[in-house]
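Down below is the structure, laid out as structure tokens.
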Amino acid sequence: MIPNILIILADDMGFADIGCYGSEINTPFIDSLSSNGIKYTQMYNSARCCPSRASLLTGLHPHQAGIGWMAETLDIHENYQGYLNDSCITIAELTKLKGYKTFLSGKWHVGNQYTPYDSDSWEPGKKGWPVPNQRGFDEFFGTLDGAGSYYNPHTLMLNDKFIYPTDQNFYYTEEIAKYACKFIDKFVLQKNPFFGYVSFTAPHWPLHARSNDISKFDNLYKKGWDYIRTARHEEQIHLGVVPEDWEISPRDSSSYDFKFCKYPEWESRRMATYAAQIYSMDKAIGQITKKLESLNIINDTLIMFMSDNGGCAEFLKEDTSTESWGRYNIPTVDGRKINIGNNPLIEPGSDDTFMSYDIAWANVSNTPFRLFKSWVHEGGISTPFLISWPNQIPKKEIRHCPIHFIDIMATIAEIIDIKYPDEYKNNKIHPIQGESFNSSFTNNYWTRTTPLWFEHEGNRALRIDDWKLVNRYGNEWELYNITDDRTEQSDFSKKEKKRLKQMIRKWDSKAKEINIISLDKKWNHISLNHVKDWKDFKEKFIST
Numbered sequence: 266m267i268p269n270i271l272i273i274l275a276d277d278m279g280f281a282d283i284g285c286y287g288s289e290i291n292t293p294f295i296d297s298l299s300s301n302g303i304k305y306t307q308m309y310n311s312a313r314c315c316p317s318r319a320s321l322l323t324g325l326h327p328h329q330a331g332i333g334w335m336a337e338t339l340d341i342h343e344n345y346q347g348y349l350n351d352s353c354i355t356i357a358e359l360t361k362l363k364g365y366k367t368f369l370s371g372k373w374h375v376g377n378q379y380t381p382y383d384s385d386s387w388e389p390g391k392k393g394w395p396v397p398n399q400r401g402f403d404e405f406f407g408t409l410d411g412a413g414s415y416y417n418p419h420t421l422m423l424n425d426k427f428i429y430p431t432d433q434n435f436y437y438t439e440e441i442a443k444y445a446c447k448f449i450d451k452f453v454l455q456k457n458p459f460f461g462y463v464s465f466t467a468p469h470w471p472l473h474a475r476s477n478d479i480s481k482f483d484n485l486y487k488k489g490w491d492y493i494r495t496a497r498h499e500e501q502i503h504l505g506v507v508p509e510d511w512e513i514s515p516r517d518s519s520s521y522d523f524k525f526c527k528y529p530e531w532e533s534r535r536m537a538t539y540a541a542q543i544y545s546m547d548k549a550i551g552q553i554t555k556k557l558e559s560l561n562i563i564n565d566t567l568i569m570f571m572s573d574n575g576g577c578a579e580f581l582k583e584d585t586s587t588e589s590w591g592r593y594n595i596p597t598v599d600g601r602k603i604n605i606g607n608n609p610l611i612e613p614g615s616d617d618t619f620m621s622y623d624i625a626w627a628n629v630s631n632t633p634f635r636l637f638k639s640w641v642h643e644g645g646i647s648t649p650f651l652i653s654w655p656n657q658i659p660k661k662e663i664r665h666c667p668i669h670f671i672d673i674m675a676t677i678a679e680i681i682d683i684k685y686p687d688e689y690k691n692n693k694i695h696p697i698q699g700e701s702f703n704s705s706f707t708n709n710y711w712t713r714t715t716p717l718w719f720e721h722e723g724n725r726a727l728r729i730d731d732w733k734l735v736n737r738y739g740n741e742w743e744l745y746n747i748t749d750d751r752t753e754q755s756d757f758s759k760k761e762k763k764r765l766k767q768m769i770r771k772w773d774s775k776a777k778e779i780n781i782i783s784l785d786k787k788w789n790h791i792s793l794n795h796v797k798d799w800k801d802f803k804e805k806f807i808s809t
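Quick note: the sequence shown uses this note's numbering, first residue 266, plus one each step.
Next comes the structure, spelled out in structure tokens:
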């Protein structure tokens, strides 16, 4: 009997942000997936919201699926068109070929960019603006864009219609769970197996959480980020998530000692609000798993939980006129003005605020690793990964094999016994890039046979067995023995020059195969989204 399949995705949540990976945040329902299944310590994503979603949904590198940059059209190459292309098939489309009913509840973000102040340009459902119902999902509730208010989210849709919150008690995380349960009820009545994709926006900025949830964490973070980071690392060692001999990476150089904080109460409140967002998501996941139990299908449902990238260090300026953040300046449900930006004179959490938790707390989220969302050092691409499938896989076990979002398509295809197609709807499909890790469920010694390759906005990496090649855009290549030093502290690029050159050649070969643009060092990545003359851009800034 083929199982129901449920993929649950967190947004901008770091490696160390849930209880079973060392966090002080109480996440009993997420942790129960670990106690009833398998915890993986080396799952990788594609470093950013929409590229990771493209990889997860298609089993391809995001460039091959059309999301080589972000969910916005860049006139460089079809790999950078900003929406899922016709050379890929989604998990929803694949499972439908096996008789599954399918739903998405939550964030889409692989169908072009929806700028709130330019809604006249939106064309959902038209060419270049694919919506979930056009990519295999029978039911859809959620948002098309990448971020926004939890109390009044823009681009909120129910199937093919925009809907608008009218209740001031609306909270997006809770609504995502509510609609997921509705769709499950519907499909169970129809006696169909289902594939569900529950894509939360939590805990992505803005810092929006209910006050009673925030209050549970009010006193927890007053000792500061270094204290919490050390405590998390110690708990990770205790839980077997990381080995004791990996040196924790130093506090990020852009941060500082908490004792020098000018607004310590506000800083601790920011992290308390972030924690409350995760706590709220955990309760929502509990609502879904309880629904499965009440319908007596929990034992027939394969559940996967993960995050799309590492903790996010993005700072929201206290300036509503900035082009980057002013686009989210949408009033509350009852028409009040939003205070956009990290203003230490205003408490985060309520519907008229719009803040982020910033680099020091993001460093905590990614314990024990370096760097953040968007980078392809371990802090940017490492995610918790839990699988629960009662009566089918072991319980309370841990796996340390390296796997990637691109492997999920292959794994599901093997489980439901369906061949990944060469063509779909008369379009030639890219060959699947991942490999099934189904054997790892019962074999603790399973290991992958193919390298792991990464590229996002000029940040590059390649992992082959024990070794990882990595660089930040505009910087030199680094080389690490990732088995002994996953926190990337001892760079072997000067000692292992032969290996370095070999791995650079392999990265370049894959980049050529996928048609990656090579950015000249003169280029400033912030400006790419505002390029007007693409011919001039290509001549000046794309290396050949």
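Where is the CB? At the ideal position from N, CA and C, for every residue including glycine.
Check	Outcome
In DSSP terms, what Glu662 is bridged to	Ile303
In DSSP terms, what Met571 is bridged to	Leu274, Phe650
Outcome for Ser299 when other beta-carbon atoms lying within 10 angstroms are tallied against a minimum of 16	buried
Residue burial classification, Asn691 (beta-carbon count within 10 angstroms, cutoff 16)	exposed
Those runs of the alpha helix (DSSP H) which lie wholly inside the region 300-385 and span at least 4 residues	314-323, 356-361
Whole-angstrom distance between Ser476 and Phe619, CA atom to CA atom	15 Å
Residues that Tyr745 bridges to, as DSSP identifies them	Lys733
Local conformation of Gly407 per DSSP, three classes	strand
Asp282 classed as buried or exposed, judged by whether at least 16 other C-beta atoms fall within 10 angstroms	buried
Coil, strand or helix - Trp772 by DSSP	helix
Close beta carbons around Trp640, own chain, < 7 Å, minus the five adjacent residues each side	Ala312, Asn724, Arg737
Close Cβ partners of Ile428 (< 8 Å) along its chain, the five nearest in sequence each way excluded	Leu421, Met422
Start-to-end residues for the beta strand (DSSP E) that takes in Met422	421-423
Beta-carbon spacing of Pro596, Ile605 below 8 Å	no
DSSP beta-bridge partners of Leu717	Arg728
Per DSSP, the bridge partner or partners of Tyr689	Asn692
Ile563 at chain B interface by Cβ criterion, 8 Å	No chain B is part of this structure, which consists of one protein chain only.
Start and end residues, beta strand (DSSP E) containing Gly461	459-464
Straight-line gap, Trp742 to Phe452 (C-alpha atoms, nearest Å)	50 Å
C-beta contact flag for Ile576 and Phe482 at 8 Å	Per the sequence shown, the amino acid found at residue 576 is Gly instead of Ile. No; because the gap between Cβ atoms is not below 8 Å, this pair is not in contact.
Cut-off 6 Å between Cβ atoms - residues of its own chain near Met768, not counting five sequence neighbours on either side	Leu727, Leu734
Three-way DSSP call (helix, strand, coil) for Asn260 in this model	Residue 260 lies beyond the range of the chain shown here (266 to 809); nothing can be said about it.
Closest Cα partner of Tyr437 within the set Thr380, Tyr528, Met536, Asn417	Asn417
Inside the region 528-577 only - beta strand (DSSP E) runs reaching at least 3 residues	566-572
Residue(s) in a DSSP beta bridge with Asn812	Past the edges of the chain, shown from 266 to 809, lies residue 812, and the structure says nothing about it.
Beta-carbon spacing of Met335, Met571 below 8 Å	no
Reference Ile694; option with closest CA among Ile493, Phe634, Leu359	Leu359
Where Ser370 falls, given that 16 or more other Cβ within 10 Å makes a residue buried	buried
Distance CB(Trp490)-CB(Val629) smaller than 8 Å	yes
Buried/exposed call for Asp623, threshold 16 Cβ in 10 Å	buried
Exposure label - Pro659; buried when at least 16 CB within 10 Å	exposed
Buried versus exposed call for Tyr305 [16 or more other C-beta atoms within 10 Å across all chains shown]	buried
Lys786 (DSSP reduced to helix, strand or coil)	For Lys786, the predicted structure reports a pLDDT of 48, less than 50, and the residue's modelled location is therefore unreliable. The matter cannot be settled from this model.
Per DSSP, cross-strand counterpart(s) of Thr618	Asn604
Beta-carbon contacts of Ala678 that lie in its chain and below 6 Å, excluding the five residues immediately before and after	Tyr685
Assigned secondary structure, Lys488 (DSSP; H/G/I helix, E/B strand, else coil)	coil
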